[in-house]
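Working notes for the structure below.
Numbering (this note's numbering), first residue to last: 5 to 337.
Next comes the structure, spelled out in structure tokens:
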């Protein structure tokens, strides 16, 4: 059982038959990984810390900006502070019994398997195309539950993946048409707040072993029309063909057929010195090909163009293809 001010702090949730003393002990022993300390991560951290989880590892690369505050209201006193550290400070004040470990940086496909393997459950609050697929691949391999959400404008979704349920790739095998962001398309604060709260509720349900499980459940909310839909995808099949997987810059090899898809205006320095600059459209039937046995790697900022280029190459070349999402400042972030 967590320490701090003891049973009084959790009395109202322990009273629930779905929780009780045994359930509270499970929460106190739980370790979760939260990726993203923004609009989704803020309510996730608050509610999980309030519920008395044992340990939360929180990773986020950004600092608090004034434009964040309408949807991340806990950060008012922390302008300019790394979000992971600010969230950890708020969490410590809320409940000192929960250990919150801040990691200030990007989710790295090279280190993600270790972070996922050390957690009982993973929450994808990054609202990033590359992060979501990286976490899904790691969670599927490690057998860890993944609660993933995305918000944009006045709508968004929450889903429970892996951990015995199908992965994100099983439900979304194809890439989206566009990758608008909160910065480019806008978002209302309560939209991400509600979705983050749902993520926290689904995480607690998994950790408490409630039935029916939220793993294999997908919920979409349209807060413009105040309309919600939900369906189960327990029978969804994993993709037959090898998926395009994300790698980290340190996993590049000089022998790779490395393609930088950003032009010099976007990325004055390519992701590596041996990269060749090309466009997505170059990789049609008559486009360039890797040498036999060579790995093809496509790099861009978010991974979207890289995925499209990989899709164009795949019908004409059967070898290994990897994607690299490079949001670093010297790129096209």
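Note that CB positions come from ideal geometry on N, CA and C, so glycine has one too.
**Asked** Is it the case that the Cβ atoms of residue 343 and residue 27 are separated by a distance below 8 Å?
**Response** Residue 343 falls outside the range modelled here, since the chain spans only 5 to 337, and no answer is possible.
**Message:** Among 316, 194, 12 and 325, whose alpha-carbon lies nearest the alpha-carbon of residue 227?
**Reply:** Considering only alpha carbons, the answer is 194.
**Message:** Can you tell me whether residue 248 is buried or exposed? The criterion is at least 16 other CB atoms within 10 Å of its CB, across all chains shown.
**Reply:** Buried, since its Cβ has 16 or more Cβ neighbours within 10 Å.
**Prompt:** Short check: CB of residue 138 to CB of residue 250, under 8 Å?
**Reply:** Less than 8 Å separates the beta-carbon of residue 138 from that of residue 250.
**When 296, 300, 289 and 290 are compared against residue 279, the one with the closest alpha-carbon** = The shortest C-alpha to C-alpha distance from residue 279 to any of 296, 300, 289 and 290 is the one to 300.
**Request:** Under 7 Å Cβ to Cβ from residue 141, same chain only, skipping five residues before and after it: list those, please.
**Result:** So the list reads 249, once near-sequence residues are dropped.
**Minimum Cβ-Cβ distance from residue 228 to chain D less than 8 Å** = The structure shown has no chain D; it contains just one protein chain.
**Prompt:** Could you check where the alpha helix (DSSP H) with residue 19 kicks off and where it finishes?
**Reply:** No alpha helix (DSSP H) holds residue 19; DSSP gives it neither H nor E.
**Message:** In this structure, how does DSSP classify residue 68 when only helix, strand and coil are distinguished?
**Reply:** In this structure, residue 68 counts as coil in the three-state DSSP scheme.
**Request:** Would you be able to state if there are at least three C-beta pairs under 8 Å between the region 23-37 and the region 47-65?
**Result:** Verdict: yes, contact present.
**Alpha-carbon spacing of residue 83 relative to residue 95, whole angstroms** = Cα to Cα, residue 83 sits roughly 17 Å from residue 95.
**Request:** Note the first and the last residue of the continuous alpha helix (DSSP H) segment covering residue 117.
**Result:** According to the DSSP assignment, residue 117 belongs to the alpha helix (DSSP H) that extends over 116-121.
**Prompt:** Going straight from the alpha carbon of residue 207 to that of residue 322, what length do you get?
**Reply:** So the alpha carbons of these two residues sit roughly 39 Å apart.
**Asked** Tell me which same chain residues have a C-beta within less than 6 Å of the C-beta of residue 169, skipping the five on either side of it?
**Response** Excluding residues within five positions, the ones whose Cβ falls inside 6 Å are 219 and 220.
**Alpha-carbon to alpha-carbon, residue 203 and residue 297** = Rounded to the nearest angstrom, the gap between the Cα atoms of residue 297 and residue 203 is 42 Å.
**Message:** Taking the beta carbon of residue 340 as the centre, do at least 16 other beta carbons fall within 10 Å, making it buried, or is it exposed?
**Reply:** Residue 340 falls outside the range modelled here, since the chain spans only 5 to 337, and no answer is possible.
**As assigned by DSSP and simplified to three states, the class of residue 152** = Of the three classes helix, strand and coil, the one that applies to residue 152 here is strand, per DSSP.
**Item:** Neighbourhood of residue 88 by C-beta, 7 Å cutoff - its chain only, sequence neighbours within 5 removed
**Value:** The beta carbon of residue 88 sits closer than 7 Å to the beta carbons of 41, 62, 63, 64, 106, 107 and 108 from its chain, once the five residues preceding and following it are set aside; these are given in chain order.
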